[in-house]
Structure formats: structure tokens, C-alpha cells
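*Asks:* Mind having a look at this structure? Questions to follow.
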Amino acid sequence: MTATYEPDETQAAFDRIIERHDRIEPRDAMPEKYRATLVRQIAQHAHSEIIGMQPEGNWLTRAPSLRRKAILLAKVQDEAGHGLYLYSAAETLGVSRQELTEKLIAGTQKYSSIFNYPTLSYADVGTIGWLVDGAAICNQVPLCRTSYGPYGRSMIRICKEESFHQRQGYELLATMMRGTPAQQEMVQESVDRFWWPALMMFGPPDADSPNTEQSMAWGIKRDTNDELRQKFVDMSVPQAERLGVTLPDPDLRWNAERGHHDFGQPDWDEFMAVVKGGGPCSAQRIAHRRKAHEDGAWVREAASAYAAKERQP
Ligand code: BYC
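Residue numbers (our numbering): 6 to 318.
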């Protein structure tokens, strides 16, 4: 359980750790708002990993070959592992995984907007790997240096696995792009659907992001939403060219003066609607998660009973 304190008590000690870019550990006193912000972000991150298993899991029984099935199975299992590391990191802040799961199911905690979109073809498995995991890497590599120790350390292994995920997605799309015209069209159609939602993963523009300023000051976030979105666009453009797909943005072009690509804005009204639970698959994702939680009740009861028995002298 973490210690929290009244601001005037040991605020200076906390500030010194943050200024030195050192880590805050669970044993350290921390302002209540810092703790609450971390619980919010880590819980949302953990929920995203767990809900994120659903869109890809949708294709497990219909993978086109044994090889593709083995790869997809391994990837989906990795996401479950990521969720568990992150719930463990959140637990060091004095909340339980049970409590967080109940909040997710009740709709009082969020998960990434991207997982509210459907996966309509097998190309989506590749596009999720390439773009969604690519966006996750851009966002998560800086989080390895976040100010809260358990969160930063959980990110290290997660990032290594996300790199593999991104490569498998790119390799799947590259294979399809060397295939028939129908396969090539399937890839382009998938990229057309996922490009804008992938850009939304980084959150609202900095000017409309209520949490960025404080989270940057505390070293929870190391880059702003817009900085990471720009990095992602700059990284994706040459990869798209190499694949032979067109990114669906007429405003996308290299700006030599800035040394970055200019690009259009996602539909932020759509983003807000999805974040508020109005995405195409929002109800389905939560209903599925609720059912899995309820179906797993007997496993939790059995594990608790076994642990209690083991504790008896
Ligand atoms: N979706 O002030 P802001 C994965 C919310 S898993 C939904 O900018 P913040 C993968 C935000 O929570 C990837 N909600 O917030 C898994 C806030 O609302 P609340 C998951 C969003 O926290 C399986 C409000 O909008 N990655 O890659 O400073 C298979 C205002 O936003 C979104 C993470 O979770 C969104 N996209 O910055 C494949 C990374 N964006 O909470 C792949 C960790 C914003 O105040 N999280 N909101 O009610 C972060 O880095 C930050 O939390 C964010 C948002 C950049 C996402």
C-alpha cells in the first residue's frame, strides 16, 4: 500500500525525486493526485491490453494457415500477459485488479478507443500489428522512463513484445501485397479503415488534453499527445511506401522546413463519441468482457479456497 501525505509535509522530497528524473517507488510518499493519475492511466492501459485481445481473437479460428494461427495465438496471449503486468503495477498503488475490472465493466474506467472498431478481414490482423502496435510502441517506449518505477519496468518487456507484434503485422501485409489483386485490395481497404483511428490512439490534441500538462510535470508522460502522433506519422509514411499502400490523407506531405510530415486531423467528434462508449463495437466489447469475468468466477473462488487451505498450518 502506498503512502500519501498532505501537500505541505514531504512535497519537497517528492519534488526532488521528480526533478532528478529518479523513480518514485511504492514505498515513497506521493501526492494523492499523482497516485490517482497513475491509477487512471495504468488501469486504462491494462484494460486496453485485455479488451484488445477481442478484435484479433475474432480471427483465431479462421486463420488462413497453421503458421498464421500459431503467430496470432502467441500475439493474443502476449496481450493477456501485458494486461497482467499492468494490473500488478496498478496494485502497488493500493487498488485491486478485481476493483479495476469491475470499473471497466461498469463503464467508469476507459480503454483505448481503437478497440471499439471491428475487424472485418484477415488483413486487419496485419494492420493492427503494423499500425496499432506501431502506435503503441511510439507511445510506450517513452513510458519506459516514466517516473513511477513499477509502471516503467513493466513497459520494458511490453515494448520488446510489441516490436515483435509490429513486425509480424508488417510481414503479413507485405506477404498479402505480393499476392493477388484481391489480397492487395483487402490490405488497402483495411489501412483505409484503421489509419484515422490509429492516429486517435494518442489522445486529443494537446490544446484539448486536460491531463497532459500535469502528467508531463510529474514525469508520468514524457512526450505530449501531438509530439507522439507526429513521430508515428513520420515513422509510418516510409513504411507505407515500402508496402505499396496509400495512407488515406490528402493533406499528408513532407514539410522540409519543419523536417516532419504535415497531416490532416482525425474526426475528433467521432473520437469523443467512441471514448464515451458510442463506438461501433463498444457494447459488444464490454458485454464479452463481463461474460468472461462472470464465467471465470468459479476459477477465482477455487484459487482463493486453495490459497486459504495452503495458508493453514
Ligand atoms: N482512447 O488528457 P488526455 C495496445 C481519454 S494497448 C480512450 O490526453 P492522458 C494493444 C483520457 O483517458 C494501448 N480514451 O489523457 C493492445 C482522458 O479521459 P479521463 C493502450 C482516451 O491520459 C492489444 C481524456 O481522454 N495504450 O497497444 O494524459 C493489442 C483526455 O485525454 C484516449 C495506453 O493506454 C484513447 N485513445 O493521455 C494490440 C498507453 N486518449 O481518463 C495493441 C498509456 C485519451 O480523464 N496511456 N483518452 O476520463 C497514455 O499514454 C495516455 O493515457 C494517453 C492519453 C496518451 C492515451
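Ideal Cβ positions, reconstructed from N, Cα and C, are used throughout, including at glycine.
In the DSSP assignment, what are the bridge partners of D267?
*Replies:* R258
*Asks:* Which same chain residues end up closer than 7 Å to L43 when comparing Cβ atoms and leaving out the 5 residues on each side of it in sequence?
*Replies:* The beta carbon of L43 sits closer than 7 Å to those of L98, Y153, Y156, I225, all from its chain and outside the five residues before and after it, given in chain order.
*Asks:* Among R316, K314, A297, W223, which has the Cα closest to the Cα of L320?
*Replies:* Because the chain here runs from 6 to 318, residue 320 falls outside it and cannot be looked at.
*Asks:* CB-CB under 7 Å to A141, same chain, minus the five flanking residues each way: which ones, in chain order?
*Replies:* Contacts found: E167.
*Asks:* Run the proximity test for F237: is its beta-carbon closer than 8 Å to any non-hydrogen atom belonging to the ligand BYC?
*Replies:* no
*Asks:* Please classify I119: does DSSP put it in a helix, a strand, or coil?
*Replies:* helix
*Asks:* Among all the DSSP beta bridges, which residues are the ones paired with Y153?
*Replies:* For Y153, the pairing in a beta bridge is given by DSSP as I29.
*Asks:* With W303 and D254 assumed to form a contact (beta carbons below 8 Å), what rounded beta-carbon distance in angstroms separates them?
*Replies:* Not quite, the Cβ-Cβ distance comes to about 49 Å (not below 8 Å), so this is no contact.
*Asks:* In the DSSP assignment, the alpha helix (DSSP H) including G86 goes from what residue to what residue?
*Replies:* 71-96
*Asks:* How about the segment 116-124 and the segment 53-73: do they share at least three Cβ pairs that are nearer than 8 Å?
*Replies:* yes
*Asks:* Cutting at 7 Å between CB atoms, please list the residues of its own chain near P285, excluding the five before and the five after it.
*Replies:* Excluding positions up to five away in sequence, the list reads N121, Y122, P123.
*Asks:* Among L125, R21, S287, which has the Cα closest to the Cα of A68?
*Replies:* L125
*Asks:* Quick check on the DSSP output: the alpha helix (DSSP H) that includes N230 runs from which residue to which?
*Replies:* 230-248
*Asks:* Where does T180 sit, in a helix, a strand or coil, going by DSSP?
*Replies:* helix
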